[in-house]
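Residue numbering for the sequence shown follows the UniProt record's numbering, starting at 1 and increasing by one per position. Following: one structure in structure tokens, then a few remarks.
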Amino acid sequence: MLNLNFHPAGRHFLQIPGPSPVPDRLLRAMSYPTIDHRGPEFGALGLQVLAGIQRIFKTKHPVVIYPASGTGAWEAALANTLSPGDSVLMYETGHFATLWNKLATRLGLKPEFLGLPGIEGWRHGVQAPMIEERLKADRNHTIKAVCVVHNETSTGVTSDIAAVRRAIDAAKHPALLLVDTISGLACADYRHDEWGVDVTVSGSQKGLMLPPGISFNALSPKAIEASQSAKLPKAFWAWDEMLEMNRTGYFPYTPNTNLLYALAEAIEMIEAEGLEKVFTRHNRLAEACRRAVNAWGLEIQCADPAVYSPVLTGVVMPEGVDADNVRRIIYRCFNMSLGAGLGKVKGRMFRIGHLGECNDLALMATLSGCEMGLNMAGVKLRASGTAAAMVYLQSTAEPADRPH
Ligand SMILES: *Cc1c(COP(=O)(O)O)cnc(C)c1O
């Protein structure tokens, strides 16, 4: 149970790669009274958030909003487009790709799991040529969908989705392209329409900076067409009633009203900064973080610099050091939460989240906590990572356009 007598001074550093820190502005927006979800005010809010989220996904097509965590939107993407026993080609980038694969099996699909062997698959992005080769061999087009994770949150690898699209096209294969960017949206460049994605899955508690509780399916006309003949059972997740009601800004069942207030506010914040500038900020903070890890003399989980994640960095421990012990020290001594290693990489690494409501000094505090905790855990560091990060941040700092 939450210990309400524990009030450490200052704020908790929630540096896990989601849920990410919720800006005060969003918390305040959520505290407005809950309104009638069938009343006139709600329709205006519904239309506002439905249009706003399309701009974030970079799509002109509908985006469905569910009162559910990301896992629900994973299920919705599959249940709306596929039929029992359908073959789907999934790609193993890490723990989240593995969980989506498991979910597909439980729904009654036949997923095939491609990937590089062993830990290597968890250190690289999606290998589009492997997808192309597999689809070319599928002459009867039994594979109905290709499913990939854009930003693999368990490892810190951001795959090239445009390359996956080109691979499907090069194989002249009609499979749908389903992409999970639950942790990538509003952090890493993402283009639903331009990249020819059929269903993009995302969630609220990562780059969008909201608390957990809403998730998304961005659709393509081809996905909507597939949903009309797909036979997997669906009721709560069904797109048809959603799309019908959404036309006027309403939902077929009670939406998460207060989280939609926060969503409207988050979209306003992101667009005030500028979506492209949000991506630039994430890239710069991620680069500073990697410079710190390099200076420490530690390894980054992502082994391919072309696919480094702007959202989080996986820090690999030297032989014999338990990453969970380092995290425990940092949590207890410095009131900071870092991401644990998941699945195959449990204990091998920890994850530093630098997404959403994050800036230079928040990152510096985070890196200081890591450096102190690593020292205390007895990890031999080559040099100061915080110093390296500061040198990079000060040399790339851009003064904000504000009164001075
Ligand atoms: C967080 C996350 C999920 C799971 O979402 P939940 O909201 O926990 O259900 C799935 N995929 C990725 C890539 C994620 O980062």
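Where is the CB? At the ideal position from N, CA and C, for every residue including glycine.
Decide yes or no for the touch test of the segment 318-332 against the segment 366-385: beta carbon pairs closer than 8 Å, at least 3 of them. yes
I'd like to confirm the pairing. Which residues does DSSP put opposite residue 308 in its beta bridges? Within the sequence shown, numbered from 1, the residue matching residue 308 stands at position 308. For residue 308, which the question treats as bridged, DSSP gives the partners 157.
Residue ranges of each beta strand (DSSP E) within the segment 349-373, 3 or longer: 349-353
Cβ of residue 258 within 7 Å of any heavy atom in ligand 1? Residue mapping note: residue 258 aligns to position 258 of the sequence shown, counting from 1. Residue 258 Cβ: outside cutoff for every heavy atom of ligand 1.
Nonlocal neighbours in the same chain, by C-beta distance under 7 Å from residue 47, ignoring five residues either side: Counting from one through the sequence shown, the residue named residue 47 turns up at place 47. 249.
Which value, in whole angstroms, describes the spacing of the CA atoms of residue 26 and residue 214? Looking up residue 26 in the sequence shown gives position 26. Looking up residue 214 in the sequence shown gives position 214. About 14 Å.
Residue 30 and residue 261: beta carbons closer than 8 Å? Residue 30 sits at position 30 when you count from the first residue of the sequence shown. Residue 261 sits at position 261 when you count from the first residue of the sequence shown. Cβ atoms of residue 30 and residue 261: closer than 8 Å.
Roughly how many angstroms lie between the CA atoms of residue 194 and residue 68, to the nearest whole one? Translated into positions along the sequence shown, residue 194 becomes position 194. Translated into positions along the sequence shown, residue 68 becomes position 68. Cα-Cα distance, rounded: 27 Å.
Is it the case that the CB of residue 343 approaches a heavy atom of ligand 1 more closely than 7 Å? Counting from one through the sequence shown, the residue named residue 343 turns up at place 343. Not one heavy atom of ligand 1 falls within 7 Å of the beta-carbon of residue 343.
Can you tell me where the alpha helix (DSSP H) holding residue 333 begins and where it ends? The residue you call residue 333 lines up with position 333 of the sequence shown. Counting along the chain, the unbroken alpha helix (DSSP H) around residue 333 starts and ends at 323-334.
Quick check on DSSP: helix, strand or coil for residue 218? For this step, residue 218 is matched to residue 218 along the sequence shown. It is a strand residue.
Assuming residue 111 is part of the beta strand (DSSP E), what are its boundary residues? Taking the first residue of the sequence shown as position 1, residue 111 is located at position 111. Its beta strand (DSSP E) spans residues 110-114.
Pairs of beta-carbons, one from the segment 182-193 and one from the segment 146-162, closer than 8 Å: are there three or more? These segments touch.
Could you check where the alpha helix (DSSP H) with residue 24 kicks off and where it finishes? On the sequence shown, residue 24 is found 24 positions in, with the first residue counted as 1. Per DSSP, residue 24 belongs to the alpha helix (DSSP H) from 24-30.
Own chain partners of residue 311 with C-beta closer than 8 Å, once the 5 adjacent residues on each side are dropped: Within the sequence shown, residue 311 is the residue found at index 311, counting from 1. So the list reads 17, 151, 153, 156, 158, 183, 184, 187, 188, 206, 207, 282, 286, 353, 354, 355, once near-sequence residues are dropped.
Could you say if the segment 45-63 and the segment 98-116 meet the contact criterion of at least three C-beta pairs nearer than 8 Å? no
Going by other Cβ atoms of all chains shown within 10 Å of its Cβ, with 16 needed for buried, is residue 247 buried or exposed? Position 247 of the sequence shown, counted from the start, is the residue given in the question as residue 247. Answer is exposed; the Cβ neighbour count stays below 16.
Distance check for residue 271 and residue 400, CA to CA, integer angstroms please. On the sequence shown, position 400 is the one that residue 400 refers to. On the sequence shown, position 271 is the one that residue 271 refers to. Distance between the alpha carbons of residue 400 and residue 271: 16 Å.
Using the rule of at least 16 other Cβ atoms within 10 Å of the residue's Cβ for burial, across every protein chain shown, is residue 62 buried or exposed? Here residue 62 is taken as the residue at index 62 of the sequence shown, counted from 1. Result: buried.
Tell me the DSSP secondary structure of residue 343 in three-state form. The residue given as residue 343 occupies position 343 in the sequence shown. Reduced to three states, the DSSP call for residue 343 is helix.
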